[in-house]
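2 protein chains.
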Amino acid sequence: MELKTLNEIEIISAPHSKISEVDFENLTFGNVFTDHMLVCDYVDGAWQKPVIEPYAPFMIDPSAKVFHYGQAIFEGMKAYKDQQDDVWLFRPDENYHRFNKSATRMAMPEVPEDVFLGGLHRLLEIEKEWVKKGKGNTLYIRPFMIATGHGVIAAPSQEYRFMIILSPARAYYSGEVKVIIAEHYSRAANGGIGAAKAAGNYSAQFYPTKLANEQGFQQIIWTDDATHTKLEEAGTMNVFFRINDTLYTAPTSERILDGVTRKSVIELAQRENIKIEVRPVLVEEIVEAAKNGSLKEIFGAGTAAVINPIVGFSFQDHYYELPKLENSMALEIKEKLTNIQYKLSEDTFGWTVKI
Amino acid sequence: MELKTLNEIEIISAPHSKISEVDFENLTFGNVFTDHMLVCDYVDGAWQKPVIEPYAPFMIDPSAKVFHYGQAIFEGMKAYKDQQDDVWLFRPDENYHRFNKSATRMAMPEVPEDVFLGGLHRLLEIEKEWVKKGKGNTLYIRPFMIATGHGVIAAPSQEYRFMIILSPARAYYSGEVKVIIAEHYSRAANGGIGAAKAAGNYSAQFYPTKLANEQGFQQIIWTDDATHTKLEEAGTMNVFFRINDTLYTAPTSERILDGVTRKSVIELAQRENIKIEVRPVLVEEIVEAAKNGSLKEIFGAGTAAVINPIVGFSFQDHYYELPKLENSMALEIKEKLTNIQYKLSEDTFGWTVKI
Ligand SMILES: Cc1ncc(COP(=O)(O)O)c(C=O)c1O
Ligand SMILES: Cc1ncc(COP(=O)(O)O)c(C=O)c1O
Chain H
1 MELKTLNEIE
11 IISAPHSKIS
21 EVDFENLTFG
31 NVFTDHMLVC
41 DYVDGAWQKP
51 VIEPYAPFMI
61 DPSAKVFHYG
71 QAIFEGMKAY
81 KDQQDDVWLF
91 RPDENYHRFN
101 KSATRMAMPE
111 VPEDVFLGGL
121 HRLLEIEKEW
131 VKKGKGNTLY
141 IRPFMIATGH
151 GVIAAPSQEY
161 RFMIILSPAR
171 AYYSGEVKVI
181 IAEHYSRAAN
191 GGIGAAKAAG
201 NYSAQFYPTK
211 LANEQGFQQI
221 IWTDDATHTK
231 LEEAGTMNVF
241 FRINDTLYTA
251 PTSERILDGV
261 TRKSVIELAQ
271 RENIKIEVRP
281 VLVEEIVEAA
291 KNGSLKEIFG
301 AGTAAVINPI
311 VGFSFQDHYY
321 ELPKLENSMA
331 LEIKEKLTNI
341 QYKLSEDTFG
351 WTVKI
Chain E
1 MELKTLNEIE
11 IISAPHSKIS
21 EVDFENLTFG
31 NVFTDHMLVC
41 DYVDGAWQKP
51 VIEPYAPFMI
61 DPSAKVFHYG
71 QAIFEGMKAY
81 KDQQDDVWLF
91 RPDENYHRFN
101 KSATRMAMPE
111 VPEDVFLGGL
121 HRLLEIEKEW
131 VKKGKGNTLY
141 IRPFMIATGH
151 GVIAAPSQEY
161 RFMIILSPAR
171 AYYSGEVKVI
181 IAEHYSRAAN
191 GGIGAAKAAG
201 NYSAQFYPTK
211 LANEQGFQQI
221 IWTDDATHTK
231 LEEAGTMNVF
241 FRINDTLYTA
251 PTSERILDGV
261 TRKSVIELAQ
271 RENIKIEVRP
281 VLVEEIVEAA
291 KNGSLKEIFG
301 AGTAAVINPI
311 VGFSFQDHYY
321 ELPKLENSMA
331 LEIKEKLTNI
341 QYKLSEDTFG
351 WTVKI
């Protein structure tokens with residue numbers, strides 16, 4: 001894939017760069033932003049000319065639909081710098097298409113490819129100093145769209161704003177990740193919006209996650225809301241289970257986000273002849289496997305966290321600790337994946353796209 | 001109940017009133033706002049001093065959590081003017097308590113009673129000219145809270161803004177309302193946020209509602225997401241079914257909003273010796289009742305729409321038309337309820353509260 005830059009764009013440069021004030025060694029995820037952002041408004045049924053302008057707060061009406069009815073979607077991507085100082089994206093077309101799928105589900109207009117991908121290209125050309133070299137350093141990319149139309153009536157907005165903001169980032173989770181398997185709360189309904197990257201899906205998880213945190217668990221592995229017997233995904237990661245030497249992960253559905261990292265892990269595993277099966281994963285089989293010692297690993301997969309090994313899980317008030325392995329599949333896959341992302345090994349899949 | 005006004009508040013008056021520009025006979029629901037709004041910020045773990053100031057757009061950061069993770073809740077209330085030009089609220093304590101229940105479920109701080117109810121009282125004192133006399137005229141009240149804290153990491157915000165905006169309103173729906181019974185899409189999950197007035201619950205319904213609109217139906221009656229066999233509620237209304245001379249409505253649950261109008265209808269019906277049963281209502285029994293002629297009425301109940309008779313419903317591509325009745329229970333209850341709200345009959349329940 002080749003990414004074109006967008007020339008039909010207005011550019012207003014920031015008077016000075018904040019970059020020298022940033023401590024790139026000590027970043028908290030997602031709270032430092034680069035000098036510029038992309039803004040594109042949808043008015044009168046059409047996307048207007050996009051603008052790249054200094055990152056700054058903006059004006060919005062108190063009755064904007066995003067505040068009242070939650071019409072808001074986003075994506076999460078990363079830019080990586082290789083040894084030659086070139087900047088790369090990882091499967092950006094996947095994020096672009098998923099964004100527009102989310103848009104459709106939330107009754108929002110699709111964003112044109114030249115605004116989303118072309119605009120991102122242009123923005124990254126301007127902000128490339130913010131992408132630091134060295135594995136672990138990334139520039140996190142947050143495209144999002146909000147409903148800006150006025151009016152407190154529960155109906156789709158007529159006006160929208162699409163934006164891209166950029167945040168230099170290192171690791172998402174620090175420290176060990178223990179999870180709890182959901183027995184009461186849920187993140188998605190059948191026929192709901194679980195497969196969309198819709199804002200409302202995330203705040204819905206905050207309270208149950210807070211309860212889990214209070215018990216010493218960082219994340220929840222969500223189960224199907226009807227029976228709580230099938231393992232689905234975590235808050236911002238899809239989940240893989242290794243029983244003996246086979247990896248298992250749930251099929252995507254209208255309740256589960258179709259993660260780019262997930263599908264890359266599946267393809268990588270297949271290439272590496274790691275046995276992998278995509279099929280419903282039952283809580284009871286994982287508990288059973290934990291008991292009889294055949295459960296070797298659980299890990300999360302997502303853009304922000306990359307591959308995140310999980311050290312143990314709790315179910316029905318019992319904590320199951322996972323073994324500490326010499327040959328972790330999670331770490332092997334993480335190594336292979338990040339080597340592709342940072343251009344340290346050949347990208348036989350054609351996943352990486354140069355800026 | 002008596003409502004105290006809030007004196008610990010800063011008031012910045014609008015330089016001139018827009019009221020003379022408003023055509024009160026031809027209002028579209030929810031798109032005209034009064035001169036002032038109430039704003040109160042939550043910073044450093046505490047609610048700051050509220051301010052009543054001119055209604056206007058405000059500045060917000062592109063990384064505000066409300067845009068990315070949908071931490072946003074609201075309430076919907078109305079003010080009514082009686083023949084003596086006094087302004088009344090209807091069960092405002094119910095909205096206040098429900099608001100804080102929503103807040104808890106969305107991991108947001110509770111709003112103090114003196115800010116929510118006392119602040120509303122003060123705001124209504126200032127805006128009382130905007131409440132017009134005569135049945136059908138109301139001032140719609142929209143208290144809401146959004147997460148204003150910065151940062152694109154999926155975790156609860158540290159900062160929030162509570163606001164109250166006011167919109168003069170007449171009818172919510174105009175014309176006949178036909179509904180479709182949900183067979184695939186859903187609005188809420190078991191263990192989800194359906195019982196909270198959370199922004200994300202509403203945008204989730206826009207796309208399926210758009211599909212229903214395209215088929216000629218104004219609203220959807222949602223069913224349980226696991227089996228689609230139980231009738232739950234509509235987009236912004238609870239639903240009642242009359243079979244022969246008995247009314248039925250679903251019990252509230254974590255999937256269903258505990259509507260103030262719903263509970264008032266139940267209490268009113270009980271006082272009037274109208275037979276009413278709160279129990280799960282099955283799709284198949286309503287279809288059966290429609291077929292054998294015992295289904296007399298379906299109506300929605302909610303603050304915005306008050307009591308909304310439904311003229312027919314569609315299920316499995318078949319349209320069931322409801323009879324046109326001389327003695328509609330929906331209209332009888334609506335009359336009784338609005339008489340209490342407008343102080344045209346005695347409020348034996350103690351539901352109305354004077355400003
Ligand atoms: C709910 C959810 N599941 C899974 C993922 C992982 O998806 P991806 O690998 O595309 O980042 C994310 C994060 O993007 C997410 O928000
Ligand atoms: C989902 C939902 N159900 C029911 C209702 C009716 O509730 P109330 O009567 O309190 O307005 C509303 C509107 O407030 C609603 O949003």
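Note that the protein sequences, when read in sequence, are chains H and E. In terms of the UniProt record's numbering, the first sequence opens at residue 1 and continues consecutively. In terms of the UniProt record's numbering, the second sequence opens at residue 1 and continues consecutively. C-beta atoms are modelled at their ideal positions from N, C-alpha and C, and glycine is treated no differently. If you're wondering where the values come from, they're calculated on a predicted model, not measured in any experiment.
Can you list, in chain order, the residues of the region 190–205 of chain E whose Cβ is nearer than 9 Å to any Cβ on chain H? 190, 191, 192, 193, 194, 196, 198, 199, 200, 201, 202, 203, 204 and 205
At the 9 Å Cβ level, is residue 46 of chain H part of the contact set with chain E, yes or no? no
Taking 8 Å as the cut-off, does the CB of residue 436 of chain E come closer than this to any heavy atom belonging to ligand 2? The requested residue 436 of chain E does not occur in the structure, where chain E is confined to residues 1 to 355.
Less than 9 Å between CB atoms is the rule here; does residue 152 of chain E satisfy it with respect to chain H? yes
Proximity below 9 Å, CB of residue 42 of chain E to CB of residue 159 of chain E: yes
Can you determine whether any heavy atom of ligand 1 sits closer than 8 Å to the C-beta of residue 192 of chain E, and answer yes or no? no
Using a threshold of 8 Å, is the CB atom of residue 304 of chain H nearer than that to any non-hydrogen atom of ligand 1? yes
Could you tell me how far apart the beta carbons of residue 232 of chain E and residue 266 of chain E are, in whole angstroms, since I believe they sit closer than 8 Å? So it is not a contact: roughly 16 Å between Cβ atoms.
Could you say which of E:274, E:191, E:156 and E:197 lies nearest to residue 356 of chain E if we only look at CA atoms? An answer regarding residue 356 of chain E cannot be provided, because it is not within the stretch 1 to 355 covered by chain E.
Tell me, please, whether the CB atom of residue 66 of chain H is closer than 9 Å to any CB atom in chain E? yes
Can you name the residues of chain E whose CB is closer than 9 Å to the CB of residue 235 of chain H? 154
Helix, strand or coil at residue 318 of chain H [DSSP, three-state]: strand
I'd like to confirm something about residue 46 of chain E: is its beta-carbon nearer than 8 Å to some heavy atom of ligand 2, or not? no
Can you name the start and end residues of the beta strand (DSSP E) that residue 167 of chain H belongs to? 160–169
Can you check whether the CB of residue 37 of chain E is closer than 9 Å to the CB of residue 52 of chain E? yes
Own chain residues within Cβ distance below 6 Å of residue 212 of chain E, not counting five before or after: 180 and 220
Contact check, residue 35 of chain H vs residue 19 of chain H, beta carbons under 9 Å: yes
Quick one: is the Cβ of residue 237 of chain H within less than 8 Å of any heavy atom of ligand 1? yes
When you compare only the Cα positions, how much space is there between residue 199 of chain E and residue 222 of chain H? 22 Å
Would DSSP call residue 119 of chain E helix, strand or coil? helix
Could you tell me which uninterrupted beta strand (DSSP E) segments, each at least 3 residues in length, are contained entirely in the region 80–117 of chain H, listed from first to last along the chain? 87–90
Sub-9 Å separation of residue 330 of chain H and residue 240 of chain H beta-carbons: yes
Give the residues of chain H in contact with residue 329 of chain E, contact being defined as C-beta atoms less than 7 Å apart. Those within 7 Å of residue 329 of chain E in chain H number zero; the least Cβ separation is about 26 Å.
Interfacial residues, the region 14–45 of chain H to chain E, with Cβ spacing under 7 Å: 29, 30, 31, 33 and 37
Tell whether a beta-carbon distance below 9 Å holds between residue 337 of chain H and residue 268 of chain H. yes
Check whether the Cβ of residue 70 of chain H lies closer than 8 Å to any heavy atom of ligand 2, and answer yes or no. no
Residue 284 of chain H (DSSP reduced to helix, strand or coil): helix
Quick check on this structure: which residue in E:54, E:176 and E:88 has the alpha carbon closest to the alpha carbon of residue 344 of chain E? E:88
Closest by CA to residue 177 of chain E, which one among E:321, E:27 and E:332? E:321
Using the three-state DSSP reduction, which class does residue 338 of chain E fall into: helix, strand or coil? helix
What are the uninterrupted segments assigned as beta strand (DSSP E) that are 3 or more residues long and contained completely in the region 5–59 of chain E, given in chain order? 36–43 and 51–54
Listed from N- to C-terminal order along the chain, which residues in the region 77–92 of chain E have their beta-carbon within a distance smaller than 7 Å of any beta-carbon of chain H? none
Endpoints, beta strand (DSSP E) assigned at residue 356 of chain E: The structure shown does not extend to residue 356 of chain E, since chain E is modelled only from 1 through 355, so no value can be given for it.
Grab me the residues of residue 140 of chain H's own chain with a C-beta within less than 6 Å of its C-beta, minus the 5 sequence neighbours each way, in chain order. 78, 167 and 169
Measuring alpha carbon to alpha carbon, tell me which of E:114, E:153 and E:202 ends up nearest residue 31 of chain H. E:153
Could you check if residue 76 of chain H belongs to the surroundings of ligand 1, using beta carbon to heavy atom distance under 8 Å? yes
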